[in-house]
């Protein structure tokens, strides 16, 4: 007999079915979000307005920075022609050779001095711009300003190998475009003057050494000839003294001298006789020393060099690919960008505050708090 209850499926009570609360969802309701922002539009506008005002105040009151730039490279022959021609005159005079008139070191010296922090500090510390920027500062603050300026205000940038651009960039920043350009021109000119002066001093040191050696050589020639004459006079004086004691008035020729072949070198000097020896002594005393050709060659070289050493020749140790000019746009502040950022920051801040207030109010309403 079949059980009747087994013929019908068991039905669970209604209360046992799972229920899903559709009110607690994690999805963001876009319309609700826009509704919240619309209700809080006054707050958002106020935040945006305040941030824009603050950004505008900064943009229009911040210190302006203008940067003037110059693109430089190694000089051509025409840039250093005066200097090279000046030094070639020393080559023609026979003082130096062609290896000493190379101008390749000039540009390297220019770059080294231009990039030197000492050169930058020495220049900037004497400018009106420095005095204005550090007015009222103590010595330590001024030194810090100068050290910072060597990295940020006066900058030497090497060539960019990726762009295959072979020139160096020298840049100068100031609060005024005219000041930036004038300071850059002054700095480049000052470095060039110092480099040329240093190079000329080193060249003249070499020339002075060569000239001193030539003068010493000429003095040695005259000293040796003078010494030889004094020695000859001493020997002749001794010989005439012996001849006087021996009573030899005239040249004495003996069979011994004949057996020697009559060679004068084999004849004793006193045998020349008192009369001949006296003539030789008078000739040595009264005749000027006969100088060799070498002496006159040195004398000519020194005569050619003397007026050259009195000349001062200037040159250019660099070449402009782009000369300094007044910048047409400032580096900062970027007013338009600052104002746009002010509007964006203000809008985002206002939206954030509005959403936080809405979330707080919803939380309180659900937990029964006022």
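In the numbering used here, the protein residues as written are 1254 to 1623. Heads up, the beta-carbon is just placed ideally off N, CA and C, and yes, glycines get one too.
Where does residue 1587 sit, in a helix, a strand or coil, going by DSSP? The residue labelled residue 1587 in the question sits at position 334 within the chain shown. Of the three classes helix, strand and coil, the one that applies to residue 1587 here is coil, per DSSP.
Could you compute how far the alpha carbon of residue 1482 sits from the alpha carbon of residue 1538? Indexing the chain shown from 1 puts residue 1482 at position 229. Indexing the chain shown from 1 puts residue 1538 at position 285. Cα-Cα distance, rounded: 8 Å.
Beta carbon of residue 1386 nearer than 8 Å to that of residue 1583: Working through the chain shown from its first residue, we reach residue 1386 at position 133. Working through the chain shown from its first residue, we reach residue 1583 at position 330. The answer is no: Cβ separation not under 8 Å.
Using CA atoms only, rank isn't needed, just tell me which of 1585, 1458, 1607 is closest to residue 1315. Taking the chain shown and counting its residues from 1, the one referred to as residue 1315 is at position 62. When each option's Cα is compared against that of residue 1315, the closest is 1585.
Is residue 1571 helix, strand or coil by DSSP? Counting from one through the chain shown, the residue named residue 1571 turns up at place 318. DSSP places residue 1571 in coil when its eight states are reduced to three.
Return the chain-ordered list of same chain residues with a C-beta closer than 8 Å to the C-beta of residue 1558, the five sequence neighbours on each side being excluded. On the chain shown, position 305 is the one that residue 1558 refers to. The answer, listed in chain order, is 1343, 1346, 1348, 1460, 1464.
Kindly give me the distance between the Cβ atoms of residue 1493 and residue 1544, rounded to whole angstroms, as I take these residues to be in contact under 8 Å. On the chain shown, position 240 is the one that residue 1493 refers to. On the chain shown, position 291 is the one that residue 1544 refers to. Between residue 1544 and residue 1493 the Cβ distance is about 27 Å, and since that is not below 8 Å, they are no contact.
I'd like to confirm the pairing. Which residues does DSSP put opposite residue 1424 in its beta bridges? Within the chain shown, the letter at position 171 stands for residue 1424. Answer by DSSP bridge pairing, in chain order: 1322, 1408.
If you drop the 5 nearest sequence neighbours on each side, which residues of the same chain put their C-beta closer than 7 Å to that of residue 1572? Here residue 1572 refers to the residue found at position 319 when the chain shown is read from its first residue. Excluding residues within five positions, the ones whose Cβ falls inside 7 Å are 1325, 1326, 1327, 1328, 1329, 1332.
Give the secondary structure of residue 1288 by DSSP, where H, G and I count as helix, E and B as strand, and everything else as coil. Along the chain shown, one-based indexing puts residue 1288 at 35. It is helical.
Rounded straight-line distance, which links the Cα of residue 1602 to that of residue 1593: Counting from one through the chain shown, the residue named residue 1593 turns up at place 340. Counting from one through the chain shown, the residue named residue 1602 turns up at place 349. Cα to Cα, the separation comes out at about 14 Å.
Assuming residue 1426 and residue 1433 are in contact, meaning their beta carbons sit under 8 Å apart, how far apart are those beta carbons, in whole angstroms? Locating residue 1426 in the chain shown gives position 173, counting from the first residue. Locating residue 1433 in the chain shown gives position 180, counting from the first residue. At roughly 6 Å, the Cβ-Cβ gap stays under 8 Å, so residue 1426 and residue 1433 are in contact.
Quick check on DSSP: helix, strand or coil for residue 1301? By one-based count along the chain shown, residue 1301 stands at place 48. The answer is helix: DSSP assigns residue 1301 an H, G or I state.
Quick test of your reading: residue 1449 and residue 1366, contact by CB under 8 Å. State the CB separation rounded to the nearest angstrom. Numbered from 1 along the chain shown, position 196 holds the residue referred to as residue 1449. Numbered from 1 along the chain shown, position 113 holds the residue referred to as residue 1366. Incorrect: roughly 11 Å between the Cβ atoms, too far for contact.
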